[in-house]
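Chains G and S, in that order, are what the protein sequence lines are.
If you're matching positions, the first sequence starts at 4 in the numbering used here and goes up one per residue.
If you're matching positions, the second sequence starts at 4 in the numbering used here and goes up one per residue.
Cβ coordinates follow ideal geometry from the N, Cα and C atoms, glycine included.
First comes the structure, then the notes that go with it.
Number of protein chains: 2
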Amino acid sequence: MSDTRLERYAELIVRAGVNVQPGQTVFVDGQLEHAPLVRALTRAAYGAGARLVDVRYGDGHVRKAFLQNVADDVLQESTPWLLARFDVVFDGNCYIAIAGEPEPDLLSDVDPERLGRARPVEAVKRQLKAVNDRAFSWTIAVYPTEGQAREMFGEPDVERLWDAVSYAMRLDEPDPVAAWHAHHERLRRRCTQLDELELDALRFAGPGTDLTIGLIPGSRWIGGGSETRDGILAFPNMPTEEVFNTPDWRRTEGTVRSTRPLALGGTVVRDLELRFESGLVVDVQASTGADAVRGQLAVDEYANRLGEVALVDGTSRVGETGLTFFDTLYDENATCHIAYGTGVPFGIDGIEELSPDEQRERGINVSAMHTDFMIGGPEVAVDGIKADGTTIAIIREDTWQLT
Amino acid sequence: MSDTRLERYAELIVRAGVNVQPGQTVFVDGQLEHAPLVRALTRAAYGAGARLVDVRYGDGHVRKAFLQNVADDVLQESTPWLLARFDVVFDGNCYIAIAGEPEPDLLSDVDPERLGRARPVEAVKRQLKAVNDRAFSWTIAVYPTEGQAREMFGEPDVERLWDAVSYAMRLDEPDPVAAWHAHHERLRRRCTQLDELELDALRFAGPGTDLTIGLIPGSRWIGGGSETRDGILAFPNMPTEEVFNTPDWRRTEGTVRSTRPLALGGTVVRDLELRFESGLVVDVQASTGADAVRGQLAVDEYANRLGEVALVDGTSRVGETGLTFFDTLYDENATCHIAYGTGVPFGIDGIEELSPDEQRERGINVSAMHTDFMIGGPEVAVDGIKADGTTIAIIREDTWQLT
């Protein structure tokens with residue numbers, strides 16, 4: 004791994020991802036194994052004028068002991084020092100989270116029920132509010148680890164993973180930050196095109212797929228970077244290739260066949276097929292891993308309804324690699340996807356004022372689950388349907404059709 | 004390195020060092036490179052009934068970037084999240100700090116003046132108060148790193164370092180925790196013996212050494228473990244072999260020759276010789292590193308006067324190894340030592356009520372400096388001198404003489 008590549012990557016995350024402004028505090032959360040990137044990010048953030056860079060290292064083994072030992076109330080506790088740190092993060096500063104699982108099997112013998120419940124509830128609540136309020140710049144980016152490479156390639160070929168990550172992150176461009184801004188404009192243009200169509204529904208048609216997804220009137224499409232309330236453009240996900248929306252959880256009809264493998268925390272689901280009636284999943288088939296999906300769909304009353312639909316075409320650099328990354332940050336950006344479970348209603352005005360019941364009333368799904376899976380590809384046509392029944396081609400042969 | 008040794012070491016630190024009680028929160032601070040010990044400590048602490056184990060990993064490279072980049076006010080800032088964490092640490096909980104420098108040369112090109120000033124002032128203030136109030140259990144123990152082994156042996160022979168650490172920590176005993184408690188009783192007995200003598204001064208005599216150090220009336224000798232205000236016995240330093248006192252900074256007279264090399268952050272001082280007049284260092288000689296000592300003695304007005312005298316005999320396991328560890332935690336426990344700079348007046352009643360000027364009036368030195376160096380050995384006789392001039396043999400040929 005050349006230092007130049009690592010430095011370029013860190014520079015991109017700092018300059019485009021969170022877009023550090025002089026005087027800001029930059030918070031970096033990573034695992035021990037991410038130290039080379041954490042260090043490069045720290046130097047790059049100071050180079051961009053950060054007042055202070057604060058690093059918090061996680062350790063999967065310490066986490067495992069926590070999951071196996073603490074009492075139930077501690078499992079969901081937010082420590083005063085975590086909250087005190089978040090208060091400063093959310094006060095107009097920058098937050099970089101590094102993904103990339105160093106030891107994918109580490110938690111395989113932890114009680115999944117405890118694993119599911121383990122989250123600092125109050126801290127997460129404040130984080131979601133701060134995200135909705137666009138109170139801070141944040142991004143998630145991956146650090147290639149041997150653990151992930153082994154999952155992907157059957158051997159710890161980190162170099163090969165780095166090549167894929169570099170391509171997906173546009174590090175091969177002469178000016179990656181400028182390339183990201185151009186990419187942002189392209190995705191924003193797609194959102195505008197879709198918003199102007201005022202679509203009532205989307206239709207996916209291809210081998211094993213004939214699916215119609217009803218949309219919520221007035222819900223805007225989201226994609227690319229987003230501006231904080233201080234007017235700073237940041238990219239919450241790196242990479243990002245999608246434009247997405249929250250569909251009406253009551254109005255999905257038909258069948259869909261997944262076009263890429265889906266990694267579900269240890270299990271790989273292949274050839275997933277779902278059938279929907281009035282928004283509800285009524286049948287689940289797969290050549291492997293169907294039970295894992297069925298388990299997720301049963302987590303709560305609304306887990307078995309859609310919460311997201313996202314459009315991605317053949318220009319997706321993640322998709323071009325042809326790889327399954329076993330990491331949602333990448334896999335969901337490979338091609339068109341939908342998610343069962345809770346909605347992502349950033350494009351709906353006044354959403355932060357609505358109770359869960361009021362959100363459902365508007366058509367927004369609310370659930371503890373949210374799992375994306377990939378349904379697009381060269382053989383899948385995507386159409387928009389207007390309220391008057393007019394049909395508009397959106398994607399054909401993996402190519403965006405709107406101009 | 005056998006897991007058994009690591010687990011035994013962690014168990015000793017948890018059971019004897021901080022003496023974890025069920026329901027306590029255990030805080031562990033270490034460097035990334037200390038992860039194996041951090042993980043073992045985490046498991047051992049949960050095994051002892053900890054409610055929660057909170058780990059904070061430091062990273063020398065992040066620290067270096069901090070030292071090189073932040074503004075002067077940030078250099079001494081205590082973040083709200085550091086203070087929030089310390090507030091819980093000091094509320095009757097346990098704090099384990101892991102020493103052992105992974106990369107001893109890492110900060111060699113950092114401005115030493117900034118390095119000296121870089122400390123979270125408010126957090127340190129609260130910590131010193133909590134230590135004085137015996138508000139929490141704490142300990143410092145080393146994790147053997149390749150960096151330290153290279154300093155000690157000229158090669159990264161971590162196994163050899165582990166052997167020395169295991170011996171110094173009494174891990175070879177069938178029941179190390181019981182061995183530490185017996186060791187505690189031995190050191191406490193020495194303190195009682197010395198307190199009962201009501202000495203007015205100590206005298207060290209040997210090759211190149213004829214030094215008389217005046218003591219402060221009523222100042223008790225300290226050694227071994229100490230009890231928190233909740234009555235929990237903990238060992239703040241692991242290992243610990245000394246019994247120590249704060250001498251009168253105005254009453255040291257004569258010459259002293261160091262009997263072991265002294266590591267001063269990069270420089271090794273050899274054959275150090277100091278001459279004192281009325282408590283003041285008036286001459287500094289050394290075969291290497293004299294200027295480093297002269298620099299420290301000039302840090303402030305009181306740096307060139309004594310703040311500690313400590314007695315250690317030939318039963319010191321650290322001393323028996325014959326090694327210089329380049330780590331004060333070990334090196335000061337090898338043999339008798341004195342420290343120039345600030346006092347350690349734990350044995351003086353009402354000390355927490357006294358201003359710096361009032362402390363100096365009582366004979367206690369107050370300075371920003373505190374450097375221990377080793378002056379004992381088989382050829383150095385240590386005597387106690389009572390107010391009436393009576394002389395009592397305390398150490399002869401490295402053997403404790405009081406019974």
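Asked, Found
"Candidates G/Val-302, G/Asp-375, G/Ala-204, G/Gly-227, of which the one nearest G/Arg-254 by Cα", "G/Ala-204"
"Any chain G beta carbon closer than 8 Å to S/Asp-114", "no"
"Chain S within 8 Å of G/His-64, Cβ atoms only", "yes"
"Closer than 8 Å to chain S by CB, G/Arg-54", "yes"
"CA nearest to the CA of S/Glu-245, picked from S/Glu-311, S/Ala-266, S/Asp-213, S/Leu-300", "S/Glu-311"
"Candidates G/Glu-36, G/Leu-70, G/Pro-220, G/Arg-297, of which the one nearest G/Asp-112 by Cα", "G/Leu-70"
"Cross-strand partners of G/Ala-295 (DSSP beta bridge)", "G/Ala-295 is not bridged to any residue."
"Proximity winner among G/Trp-224, G/Trp-252, G/Ala-144, G/Pro-239, relative to G/Glu-230 (alpha-carbon distances)", "G/Pro-239"
"Proximity below 8 Å, CB of S/Val-65 to CB of S/Val-31", "no"
"CB of S/Asn-22 within 8 Å of CB of S/Ser-140, strictly", "yes"
"Partners in chain A for G/Ala-87, counting only beta-carbon separations shorter than 7 Å", "Protein chains G and S are contained in the structure displayed, whereas chain A is not."
"Contact between the region 132-149 of chain S and the region 85-97 of chain S (3+ Cβ pairs under 8 Å)", "yes"
"Cβ distance (whole Å) where S/Ala-126 is taken to contact S/Leu-86 below 8 Å", "6 Å"
"Unbroken beta strand (DSSP E) run spanning S/Phe-376, endpoints", "373-377"
"Chain S residues whose Cβ lies nearer than 7 Å to that of G/Ala-38", "Leu-35, Asp-62"
"Neighbour flag for S/Asn-72 against chain G, beta carbons, 8 Å", "yes"
"Alpha-carbon spacing of G/Ile-398 relative to G/Leu-15, whole angstroms", "30 Å"
"Closer than 8 Å at the beta carbon, the chain G residues around S/Thr-270", "Chain G residues near S/Thr-270: none, gap ~27 Å exceeds 8 Å."
"Contact list for the region 118-150 of chain S against chain G, Cβ threshold 8 Å", "none"
"Minimum Cβ-Cβ distance from S/Met-4 to chain G less than 8 Å", "Unreliable placement is indicated for S/Met-4, whose pLDDT of 44 sits below 50; no coordinate value is reported for it."
"CB-CB length for G/Asn-417 against G/Arg-308, believed under 8 Å", "Residue coverage of chain G in this structure runs from 4 to 406, which leaves residue 417 of chain G outside it and unanswerable."
"Contacts around S/Met-377, its chain only, beta-carbon distance under 8 Å, and the 5 residues preceding and following it disregarded", "Ser-261, Thr-262, Arg-263, Leu-265, Asp-334, Glu-335, Ala-337, Thr-338, Cys-339, His-340"
"Status (buried if at least 16 other CB within 10 Å, exposed otherwise) for G/Glu-400", "exposed"
"DSSP three-state assignment for S/Ile-101, whether helix, strand or coil", "strand"
"Identified DSSP bridge partners for S/Leu-186", "Sequence inspection shows His at residue 186 of chain S; the Leu mentioned does not correspond to that position. Answer is none; S/His-186 lacks a bridge partner."
"C-alpha gap between S/Gly-52 and S/Asp-62, whole angstroms", "29 Å"
"CA-to-CA distance, G/Gln-24 to S/Leu-275, given in whole angstroms", "51 Å"
"CB contact below 8 Å: S/Thr-45 versus chain G", "yes"
"Where G/Asn-248 sits in the DSSP three-state scheme", "strand"
"S/Tyr-343 (DSSP reduced to helix, strand or coil)", "strand"
"Contact list for S/Asp-94 against chain G, beta-carbon separation under 9 Å", "Within 9 Å Cβ-Cβ: nothing; S/Asp-94 doesn't reach chain G, min ~11 Å."
"Residue(s) in a DSSP beta bridge with G/Phe-279", "G/Gly-257, G/Val-284"
"Where S/Thr-215 sits in the DSSP three-state scheme", "strand"
"Touching by the beta-carbon criterion (3+ pairs, under 8 Å), the region 175-185 of chain S and the region 355-374 of chain S", "no"
"Where S/Arg-42 meets chain G, residues with beta-carbon distance less than 8 Å", "Asp-62, His-64, Val-65, Ala-68"
"Contact list for S/Val-58 against chain G, beta-carbon separation under 8 Å", "Asp-62, Val-65"
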